[in-house]
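*Asks:* Here it is, the structure in full.
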């Protein structure tokens with residue numbers, strides 16, 4: 003998450019002071035570039051591993067990162083992330099050669115196993131996945147924000163920039179989601195495996211454009227984020243979710259363009275890394291400030307390398323999928339890195355390392371083959387390919403070099419793996435490791451199976467057998483089991499409901515359990531129409547709502563039966579409309595109540611249906627059939 007010692011900019015004086023430091027950092031950066039201060043002739047790699055924490059009984063998010071970190075306080079390599087159910091580890095930067103990739107894999111495994119040991123007494127586990135399947139909208143309320151001054155300041159700063167009254171998530175895949183949210187904490191849905199590649203300043207433009215070109219195929223073959231709140235959306239929903247989570251824009255009746263802070267970019271890099279920094283400063287207002295003591299220009303005059311803290315703070319609040327990074331090497335020289343933020347977390351450490359090896363090798367291999375990648379493919383096709391890869395992942399067909407149409411799997415196996423192998427060979431990476439990781443990418447493409455396809459197939463299969471919540475829990479449990487075995491995802495079997503030894507729905511929230519695909523009527527609808535609708539859809543309860551979606555009554559099959567068999571008059575008048583026979587003030591329940599609360603209310607009041615209402619708006623329904631389904635599953639488990 004970048005520099006931690008930051009604050010919300012309060013007042014014009016603080017903003018102006020920070021802006022002065024930001025501009026002086028830009029001048030210092032430019033001077034160092036023009037006068038060859040930067041380290042060159044050496045390539046290093048590094049990575050950051052983000053993860054989710056889950057409860058071992060429910061497989062729902064565990065809000066324990068601060069408590070867990072207290073048990074890990076001597077470990078400098080582990081830190082917080084945005085939400086209380088996230089952690090992040092920072093892997094050691096190492097020279098890009100020899101057994102560097104195997105070292106990265108082993109270090110990542112070692113760190114994760116150490117964290118698992120600390121989580122065991124807390125009855126929790128960690129999960130590597132782009133988006134946690136069991137995550138719910140309720141988990142993203144502000145009280146689950148990690149109590150870190152940087153995160154608090156960041157959330158408030160983004161909220162200040164919000165043009166509308168709320169954030170929106172609008173996506174369509176197999177399912178559709180359309181939901182509003184009160185805070186940018188939606189960002190915490192996403193975890194990634196961020197890979198860094200150090201490059202020489204003279205090669206930065208060339209490598210950055212290659213990184214943009216490779217983003218689509220690398221994302222497509224590694225996609226692992228298809229499910230959000232029980233909805234099957236894009237293969238790599240992280241891409242859209244991250245942008246929309248921080249999107250302060252709203253719709254207008256004019257055509258003015260505003261750029262989101264999360265973006266792929268607006269065009270090729272042409273002459274210098276400075277183009278990115280200048281564009282980001284021009285497009286995006288300062289969100290965070292910091293107490294800055296150094297004067298970067300004065301340090302330059304003294305021949306000292308500045309930290310460029312203001313520039314780094316601002317850079318950390320603009321989220322390019324390929325982000326430029328500035329750092330200082332152990333030898334005291336400044337260096338440049340490209341941070342690949344495209345790769346999702348998981349499915350396993352082995353898969354993640356293979357993804358990194360594929361990207362790193364292809365970067366070097368492409369640079370060896372092509373003097374300027376822009377001669378091979380247009381920016382528009384690169385941007386279009388990226389959008390396709392996020393939406394349909396491994397099923398994509400791209401427009402590739404010289405306007406060639408090619409499927410992801412063919413592109414990966416026939417062109418990019420050989421290029422990546424060549425690039426790794428140029429870096430003198432151990433041959434056994436090249437084979438190890440490239441074989442995994444190849445098998446994934448040949449079997450047409452990555453994390454996203456596995457999750458989509460698993461959830462679709464399970465959803466036909468059990469309820470949505472149980473299906474998500476079974477799938478998450480299966481992911482954890484396979485990750486512990488370090489089995490690459492293309493070898494995973496699809497889970498069965500019985501694979502989860504114990505399913506505990508008692509603490510389930512109404513929002514996680516209710517039916518949201520509702521058929522409703524309005525007060526003035528004919529009773530005969532209601533009867534037909536309930537017969538056609540085989541439902542026993544029909545909520546009555548007004549044109550704004552607010553609940554105003556309930557029709558039951560019992561009321562209809564009574565109307566048609568005994569009564570057809572109300573107050574001396576013929577009953578013809580819904581309002582004549584409906585229950586005007588039905589008992590309701592809120593979405594944050596537990597399933598036990600709902601069962602108790604229904605049992606004590608001898609009713610078979612509870613409309614779910616939030617702020618007077620009808621958001622779902624629970625019926626006795628939903629409880630019967632859960633009870634049947636529990637009895638089946640007891641029998642086994």
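In this note's numbering, the protein residues as written are 3 to 642.
Using N, Cα and C, we set each Cβ at its ideal position, and we do this for glycine too.
Nothing here was measured: the structure is a model prediction, and the numbers come from that model.
Does residue 20 come out as helix, strand or coil in the three-state DSSP assignment?
*Replies:* Along the chain shown, one-based indexing puts residue 20 at 18. Here residue 20 sits in helix by DSSP.
*Asks:* Excluding the five sequence neighbours on either side, which residues of its own chain have a C-beta within less than 7 Å of the C-beta of residue 16, listed in chain order?
*Replies:* The residue labelled residue 16 in the question sits at position 14 within the chain shown. Hits under 7 Å: 291.
*Asks:* What residue range does the alpha helix (DSSP H) around residue 148 cover?
*Replies:* In the chain shown, residue 148 corresponds to position 146, counting from 1. That residue, residue 148, is in no alpha helix (DSSP H); it is neither H nor E in DSSP.
*Asks:* Where does residue 485 land, buried or exposed, given buried means 16+ other C-beta within 10 angstroms?
*Replies:* On the chain shown, residue 485 is found 483 positions in, with the first residue counted as 1. By the 10 Å Cβ count, residue 485 comes out buried.
*Asks:* If we ignore side chains and look at the alpha-carbon of each, how far apart do residue 520 and residue 139 end up?
*Replies:* Taking the chain shown and counting its residues from 1, one reaches residue 520 at position 518. Taking the chain shown and counting its residues from 1, one reaches residue 139 at position 137. For residue 520 and residue 139, the distance between alpha carbons rounds to 19 Å.
*Asks:* Could you pull out every unbroken beta strand (DSSP E) segment of at least 3 residues lying fully inside the segment 523-559, listed in chain order?
*Replies:* Within the segment 523-559, the complete beta strand (DSSP E) runs of at least 3 residues are 543-547, 553-558.
*Asks:* Between the segment 151-166 and the segment 100-116, can you find at least three pairs of beta-carbon atoms closer than 8 Å?
*Replies:* No, the segment 100-116 is not in contact with the segment 151-166.
*Asks:* Residue 359 and residue 426 look like a contact to me (Cβ under 8 Å); what is the Cβ gap, rounded to whole Å?
*Replies:* The residue labelled residue 359 in the question sits at position 357 within the chain shown. The residue labelled residue 426 in the question sits at position 424 within the chain shown. That pair is a contact at about 7 Å.
*Asks:* Please report the straight-line C-alpha distance between residue 528 and residue 579, rounded to a whole angstrom.
*Replies:* Along the chain shown, one-based indexing puts residue 528 at 526. Along the chain shown, one-based indexing puts residue 579 at 577. One C-alpha to the other measures close to 5 Å.
*Asks:* Identify, in the order they occur along the chain, each residue of the same chain with its Cβ nearer than 7 Å to the Cβ of residue 170, setting aside the five sequence neighbours on each side.
*Replies:* Walking along the chain shown from the start, residue 170 turns up at place 168. Excluding sequence neighbours, residue 170 sits near 182, 246.
*Asks:* Applying the 10 Å Cβ sphere with the 16-neighbour rule, what's the burial state of residue 434?
*Replies:* Taking the first residue of the chain shown as 1, we reach residue 434 at position 432. Residue 434 should be labelled exposed.
*Asks:* For the putative contact between residue 238 and residue 395, defined by C-beta atoms under 8 Å, what is the C-beta separation to the nearest angstrom?
*Replies:* Translated into positions along the chain shown, residue 238 becomes position 236. Translated into positions along the chain shown, residue 395 becomes position 393. About 6 Å; that satisfies the 8 Å criterion.
*Asks:* Where does residue 505 sit, in a helix, a strand or coil, going by DSSP?
*Replies:* Residue 505 sits at position 503 when you count from the first residue of the chain shown. Residue 505: coil per DSSP, three-state reduction.
*Asks:* If you draw a straight line from the C-alpha of residue 236 to the C-alpha of residue 196, how long is it?
*Replies:* Taking the chain shown and counting its residues from 1, the one referred to as residue 236 is at position 234. Taking the chain shown and counting its residues from 1, the one referred to as residue 196 is at position 194. Their backbone Cα atoms lie some 20 Å apart in a straight line.
*Asks:* Given a threshold of 16 other Cβ atoms within 10 Å of its Cβ, counted over all protein chains shown, does residue 50 qualify as buried or as exposed?
*Replies:* Sequence index remark: in the chain shown, residue 50 carries index 48 (1-based). Buried.
*Asks:* For a quick check, are the C-beta atoms of residue 263 and residue 319 less than 8 Å apart?
*Replies:* Along the chain shown, read from residue 1 onward, the residue named residue 263 stands at position 261. Along the chain shown, read from residue 1 onward, the residue named residue 319 stands at position 317. Result yes, Cβ atoms of residue 263 and residue 319 sit closer than 8 Å.
*Asks:* Considering only the beta carbon of each residue, do residue 224 and residue 357 sit closer than 8 Å?
*Replies:* To locate residue 224, count along the chain shown from 1; it is residue 222. To locate residue 357, count along the chain shown from 1; it is residue 355. Going by C-beta atoms, residue 224 is nearer than 8 Å to residue 357.
*Asks:* Taking residue 78 as the reference, which of 86, 92, 431 has the closest Cα?
*Replies:* Here residue 78 corresponds to residue number 76 of the chain shown, with the count starting at 1. Comparing Cα-Cα distances from residue 78 to each of 86, 92, 431, the minimum goes to 92.
*Asks:* When the Cα of residue 22 is compared with those of 589, 345, 296, which residue comes out closest?
*Replies:* For the purposes of this step, residue 22 is identified with residue 20 of the chain shown, where counting begins at 1. The candidate whose alpha carbon is nearest that of residue 22 is 296.
*Asks:* Could you tell me if residue 272 is buried or exposed, where buried requires 16 or more neighbouring beta carbons within 10 angstroms of its beta carbon?
*Replies:* Translated into positions along the chain shown, residue 272 becomes position 270. When all chains shown are included, residue 272 counts as exposed.
*Asks:* Just reading off the alpha helix (DSSP H) that residue 454 is part of, what are its end residues?
*Replies:* What you label residue 454 is simply residue 452 of the chain shown in a count that begins at 1. Taken as a continuous stretch (DSSP letters only), the alpha helix (DSSP H) holding residue 454 covers 453-465.
*Asks:* Excluding sequence positions up to five away, which residues of its chain have a Cβ less than 6 Å from the Cβ of residue 445?
*Replies:* Position 443 of the chain shown holds residue 445. The answer, listed in chain order, is 492.
*Asks:* Give the straight-line distance between the Cα atoms of residue 532 and residue 525, rounded to the nearest whole angstrom.
*Replies:* Reading the chain shown from its first residue, position 530 is the one you call residue 532. Reading the chain shown from its first residue, position 523 is the one you call residue 525. When rounded, the distance between both Cα atoms is 11 Å.
*Asks:* So, is residue 90 buried or exposed, given that buried needs 16 or more other C-beta atoms within 10 angstroms?
*Replies:* The count along the chain shown starts at 1 and reaches residue 90 at position 88. It counts as buried.
*Asks:* Would residue 386 pass as a contact of residue 401 if the rule is Cβ separation under 8 Å?
*Replies:* Residue mapping note: residue 386 aligns to position 384 of the chain shown, counting from 1. Residue mapping note: residue 401 aligns to position 399 of the chain shown, counting from 1. Yes, Cβ-Cβ distance for residue 386 and residue 401 is below 8 Å.
*Asks:* Excluding the 5 residues preceding and the 5 following residue 515 in the sequence, name in chain order all residues of the same chain whose CB lies nearer than 7 Å to its CB.
*Replies:* Counted from its first residue, the chain shown places residue 515 at position 513. Excluding positions up to five away in sequence, the list reads 471, 597, 624, 628.
*Asks:* Answer with buried or exposed for residue 337, where buried requires no fewer than 16 other C-beta atoms within 10 angstroms of its C-beta.
*Replies:* Within the chain shown, residue 337 is the residue found at index 335, counting from 1. Label assigned to residue 337: buried.
*Asks:* Going residue by residue through the segment 381-424, where are the continuous alpha helix (DSSP H) segments of at least 4 residues, counting only ones entirely within it?
*Replies:* Listed in chain order, the complete alpha helix (DSSP H) runs (minimum 4 residues) inside the segment 381-424 are 381-394.
*Asks:* Is it true that the CB of residue 40 sits closer than 8 Å to the CB of residue 313?
*Replies:* Within the chain shown, numbered from 1, the residue matching residue 313 stands at position 311. Within the chain shown, numbered from 1, the residue matching residue 40 stands at position 38. No; because the gap between Cβ atoms is not below 8 Å, this pair is not in contact.
*Asks:* Hey, how far is the Cα of residue 371 from the Cα of residue 270?
*Replies:* The residue labelled residue 371 in the question sits at position 369 within the chain shown. The residue labelled residue 270 in the question sits at position 268 within the chain shown. Their Cα atoms are separated by approximately 19 Å.
*Asks:* Measure the alpha-carbon distance for residue 301 versus residue 190 and round it to whole angstroms.
*Replies:* Within the chain shown, residue 301 is the residue found at index 299, counting from 1. Within the chain shown, residue 190 is the residue found at index 188, counting from 1. Rounded to whole angstroms, residue 301 to residue 190 spans 38 Å at the Cα level.
*Asks:* Taking the beta strand (DSSP E) that residue 101 belongs to, which residues open and close that run?
*Replies:* By one-based count along the chain shown, residue 101 stands at place 99. Per DSSP, residue 101 belongs to no beta strand (DSSP E) and is neither H nor E.
*Asks:* With burial defined as no fewer than 16 other Cβ atoms inside 10 Å of the residue's Cβ, what is the status of residue 633: buried or exposed?
*Replies:* Looking up residue 633 in the chain shown gives position 631. By the 10 Å Cβ count, residue 633 comes out exposed.
*Asks:* Taking all protein chains shown into account, do 16 or more other C-beta atoms lie within 10 angstroms of the C-beta of residue 184, making it buried, or fewer, making it exposed?
*Replies:* As a working note, residue 184 is residue 182 in the chain shown. Classification for residue 184: exposed.
*Asks:* Going along the chain, which residues of its own chain have a beta-carbon closer than 8 Å to the beta-carbon of residue 157, five neighbours each way excluded?
*Replies:* By one-based count along the chain shown, residue 157 stands at place 155. These residues qualify, in order along the chain: 144, 147, 185, 186, 187.
*Asks:* Which class does residue 637 belong to by DSSP, given the choice of helix, strand or coil?
*Replies:* Here residue 637 refers to the residue found at position 635 when the chain shown is read from its first residue. Reduced to three states, the DSSP call for residue 637 is helix.
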